[in-house]
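Residue numbers (the numbering used here), protein chains in the order written: chain Y, 44 to 630; chain S, 44 to 630.
Even for Gly, the Cβ is constructed at its ideal location relative to N, Cα and C.
Keep in mind it's a predicted model, so treat the numbers as computed, not measured.
Each remark here refers to the structure printed beneath this line.
There are 2 protein chains.
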Amino acid sequence: MFLENINGPQDIKSLKIKDLNILASEIREALLDKMSNCGGHFGPNFGFVEATIALHYVFNSPVDKFVFDVSHQSYTHKILTGRKDAFLKPDHYGEVTGYTEPLESEHDLFTVGHTSTSVSLACGLAKARDLKGHTENVVAIIGDGSLSGGEAFEGLSCGARLESNLIVLLNDNNMAISDVNGGLYKHLQDLRNSKGTCSNNIFKAFGYDYIYEEDGNDVGAMIRVLQKVKDTDHPIVVHIHTQKGKGYQPAEKSREDWHWFPPFIKETGEKRKPMTGENYDNLVAEYLLDKMKKDPTVIALCAAVPATIAFDKAHRDEAGKQFMDVDICEQHMLSMAAGIAKNGGKPIVATFSTFFQRAYDQIAQDICINKCPVTILIRNGSVWAGNDVTHLGWFDMALFSNIPNLVFLCPTNCEEYFAMLDWSIEQNDFPVVIRIPRGKVVHANEPVEKNYSDLNKFHVVQEGEKVAVLALGDFFQIGEEVVEHLKNFSGLKPTLINPRYASGLDENLLNTLQQNHSVVVTLEDSILDGGFGQKIAGFYGRTNMKVLNYGLKKEFLDGYNVTAVLKEYGITCENIVDNILNALNRK
Amino acid sequence: MFLENINGPQDIKSLKIKDLNILASEIREALLDKMSNCGGHFGPNFGFVEATIALHYVFNSPVDKFVFDVSHQSYTHKILTGRKDAFLKPDHYGEVTGYTEPLESEHDLFTVGHTSTSVSLACGLAKARDLKGHTENVVAIIGDGSLSGGEAFEGLSCGARLESNLIVLLNDNNMAISDVNGGLYKHLQDLRNSKGTCSNNIFKAFGYDYIYEEDGNDVGAMIRVLQKVKDTDHPIVVHIHTQKGKGYQPAEKSREDWHWFPPFIKETGEKRKPMTGENYDNLVAEYLLDKMKKDPTVIALCAAVPATIAFDKAHRDEAGKQFMDVDICEQHMLSMAAGIAKNGGKPIVATFSTFFQRAYDQIAQDICINKCPVTILIRNGSVWAGNDVTHLGWFDMALFSNIPNLVFLCPTNCEEYFAMLDWSIEQNDFPVVIRIPRGKVVHANEPVEKNYSDLNKFHVVQEGEKVAVLALGDFFQIGEEVVEHLKNFSGLKPTLINPRYASGLDENLLNTLQQNHSVVVTLEDSILDGGFGQKIAGFYGRTNMKVLNYGLKKEFLDGYNVTAVLKEYGITCENIVDNILNALNRK
């Protein structure tokens, strides 16, 4: 076994090509073992084993600098740079993140998890190198869908004018997360079909030198092509063709499903814990497909993550022209939605919380200034969502709820979610954000409001006195628990409020509360800074009302445990009750 | 005179080419008269007169739909669509905005002021048209630098797959606001030089049909080319060559200066009120040039608005490799700055408040998660900045100050500004935003702090009792006035605090204030929602401290009067003093 002797890139430089091929097999085996246990970005990593070996064979990391776009394809890089144990030994599995991470290794330059930034980051590294008079190679590794993001073009255009070393390794596997669609990918196909010789070439058009390598999964071929470009004195694009999921049958076959895959049985590729029963993803897919049938102007848009609303291939085929996957182009998606709404269509736009922030300007300018009735569905806007530092779902609420004209809705259960969604699609006055509830489907105990046009009207779920608990969205259940607890153990009957709107205050209600309440508690599944609770505190600033805000802290956490974080932030029923009693001078 | 009879596009359709040429001259004369009085986007409009006439001659607006990118080139369009009086009659000058505005006319589809969105918006209009089974033409009008913004590429890539009518009119004048630099512009030059026939063609590469017209300032030629593409059943790019500033000598000669120009003397092109005396723009340019000379790793970056830091041609030449204008590529600029900082350079990034929001994701992910010591200089972050609804400077503080790891500084005078800037450039621990002060240069009355590493340490300018006034940045002078007024007319001696940091609280100081203060007043030149004052209110929520927040409201205003707005929002010394006395029960 070669792998057990690899403690850094220097250890592969003396190996022969045939040994490197064996090493590639060993790496795939380790990746398969680990990912079958832990899940992970399967396809991107299986497709990029040979290229990574070649990169470390030819270049001299960390002096030469690699920037992995998105960096979800960096598992082999981690294995080759002193972190093999985290892939070989189950009790060390947790020691590395799924992305490049400077805290782990000097071979990782950036914590990266969003796409399309690598060329720009590399331009910066190269520019600083030139200012300092150094000479190392700088390599941006981009592909797997990342090239469609607008910043990649900005980077390519600006990078072309560097009069020094800049190597863009374009890993072309003809896929984003889902299939690719845009004209860019037609062009890459033309380049692949012509082995890089077709007459139009956007890279050459921008001024890059260009080289094509068909056998991106052949170590020897990759070493030869990289040796050609090493120490280049000008910007060059190395376009390689690889196969996503290479070397594992199920992943080669179902490339979209296997982009990221949960723990599975190695022998069969079956998920260890298949998703069963009711869930918000499937419910919204069914709802939207039904809606589309009834109204040809309803259209759903995604940016390379159709799974956000469970639009698998069958659903996409069923929706036909009423569904668009715009590749990784969040900015375009939001502006296009504004255009659709302006011309009488009913667009529903869905992606993850963390990716919507890439289109802040389009939401603020094209949608909100223009009051275009676009429905924006935020998935994973929650502390319970993905816990990678680059994919936190804590920021969307403070970010978007402060944009004028935008209605930001936080449903607390299934029926409320679909009532809000239906209202949003059918109205013409407001841009609307709806945070998709997280976790197990919760059903309403009472009929839900159908019409949300009466903006910022909070819903009093239970009238009480002394204490009012305003619990938004996914934290509503914590609010219920607090109220229940106060009732049972202190004899208080607090008021419980579902604010529904994160983007504005029900000033009448808040004023009324002053008559027989002295403490207001706010709960939000989002950072406190800039959020809902602080608006309430601001509102009551000049009164005698005591306001206690509960929410997440303004910090970047990585790989956190939700229960521990909620405890640390004081978001537990026990602590909140305790603080309420203190505020009431009951303790 | 033809112009006085043009009340809508139908009125030009019967004119002969020679009459349309006369009309073009009349329009230029009207534009010259108005802009010499009011200022405006001179170059873009003078370059686009003939093309606009041809658009309205050939197409049938508003059934056929035009989307003007940025829309600062839409003056002729306004003249031809029933709004000529706003350009011909001085007492009507104020009746139209400088951008397309649906409230003015059904011929304007969107309020637009940021670049690079037109193709995406047009894709949306076209998609909705197709869903409804309609057949109108949709024309995106892009150019004048806008094509470099990443979203334009996203739009182009996604637009290529529309199997129906989409016309992209690329107005190529070989300029952004300043000169263009990136590989994209080299490519457009190749296309121009070859009259559209060169072998590489990014538009064809994406799948567009393509047509080139050299004489974009010739009405007849423009009519012929647009007639060819009208009612096309597939996406097509019409690449036209125009001259920025066409028809007015000074603007043809100094195209950068005349992109936007203040009121001037028609005969000479001299500004009516030349900028004289000390100003923050020139001071920072001098400071940076000096800094660059002493340290070759200092580098300033702008995105097509080098005037942000007064880097005119001479300054840029002086800075050499230590200055980069990255074209209109804010996302790239911020990521590149992260790369520069990571590799030991000292990047200073400058643009307008409203444009930084285009790079929120890059600031949050590449810069802040990675703690890259980038200095971000925000210009026009103020109610006193540009008052176009698309260029408001009220949102940056709430937007960026809530990102973890970011230090958001608000200097209150010249010396403090430069102390903060110098500290920021020389430290390695934090990403830093500095809001450039607005208006007349104010000098410090006392020595200023040199080291801002002790985060969130507010500066007590005057110790007092009962009332503490926390006045941030440009609103500090209002705070001084309030304190002075309270002292003079109520015998109070309030505490005056310059918080300096908008991104965090000085909790020690805030706790101490409770000993002998009962009212805290906050003042911020930014929206209250999500801002500084609400953080203070949240902090004091469970105490007896009364908190009064003053700042701007969460709303989009257009063409506002600052004094009226401040009065409406209660941000006047008189009102604030009144409210303080009320809160103290002194009234």
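From the DSSP output, in three-state form, read off residue i for me.
i      : result
T95/Y  : helix
T565/S : strand
V341/Y : strand
H177/Y : coil
K77/Y  : helix
N592/Y : strand
H157/Y : coil
E313/S : strand
F304/S : strand
D151/Y : coil
K218/Y : The sequence as given places Met at residue 218/Y; Lys does not occur at that position. Three-state DSSP puts M218/Y in a strand.
K509/S : strand
I410/Y : helix
Y603/S : coil
So the alpha helix (DSSP H) residue i belongs to, where does it begin and stop?
i      : result
P293/S : Q292 to K296
T555/Y : E550 to L556
K578/S : F575 to F582
K530/S : F519 to S533
Spatial neighbours of residue i within its chain, please: C-beta separation below 8 Å, excluding the five flanking residues on both sides.
i      : result
F438/S : S396, T397, Q400, S569 and I570
D404/S : Q374
M588/S : L556, Q557, H560, S561, V562 and V563
A73/Y  : L46, I122, K127, F130 and L131
Could you check whether residue j and residue i sit closer than 7 Å to each other, using their CB atoms as the reference points?
i      : j      : result
K238/Y : N260/Y : no
G193/Y : L174/S : no
M335/Y : A362/Y : yes
E567/Y : G576/Y : yes
P278/Y : G167/Y : no
I371/Y : T158/Y : yes
R585/Y : A514/S : no
A393/S : L420/S : yes
T154/Y : I479/S : no
In chain order, what residues of the same chain have a beta carbon less than 6 Å from the beta carbon of residue i, not counting five sequence neighbours either side?
i      : result
R481/S : S425, W427 and D517
L552/Y : F501
V526/Y : V512, P537 and L539
F111/Y : S117, T143 and I184
V223/S : D370
T275/S : N208
Which first and last residues belong to the beta strand (DSSP E) in which residue i is found?
i      : result
F111/S : K108 to F111
R422/Y : T418 to R422
E256/Y : D252 to E256
P390/Y : K389 to F395
F319/Y : Strictly speaking, residue 319/Y in this sequence is Thr, with Phe absent from that position. Neither: T319/Y is in no beta strand (DSSP E) and is coded neither H nor E.
P278/Y : P278 to H284
D368/Y : F366 to D368
I477/Y : V475 to R478
Would you check whether the ligand GDP has a heavy atom nearer than 6 Å to the C-beta of residue i?
i      : result
I245/Y : The ligand content of the structure shown is nil, which means the ligand GDP is not present either.
Go through its chain and collect everything with a Cβ distance to residue i's Cβ below 7 Å, but skip five positions before and after it.
i      : result
A580/Y : V590 and N592
H486/S : N456, C457 and E458
Y291/S : L75 and F89
A462/Y : V491, E492 and K493
N445/Y : G573
T340/Y : G387, G388 and K389
- [ ] Give the residues from the segment 273 to 288 of chain Y that approach chain S closer than 9 Å (Cβ to any Cβ), ordered along the chain.
- [x] P278
Task: Where the segment 565 to 594 of chain S meets chain Y: residues whose CB sits under 7 Å from a CB there - done: I570, L571, D572, G573, G576, Q577, K578, A580, G581, G584, R585, K589, V590, L591 and N592
Task: Contact residues within the segment 408 to 441 of chain Y, judged by C-beta distance below 7 Å to chain S - done: Q408, D409, I412, N413, V432, T433 and A441
Task: Residues of the segment 110 to 130 of chain S whose Cβ lies closer than 7 Å to any Cβ of chain Y, in chain order - done: none
Task: Selection of the segment 215 to 234 of chain Y by Cβ proximity to chain S, strictly under 7 Å - done: N224, G225, G226, L227, K229 and H230
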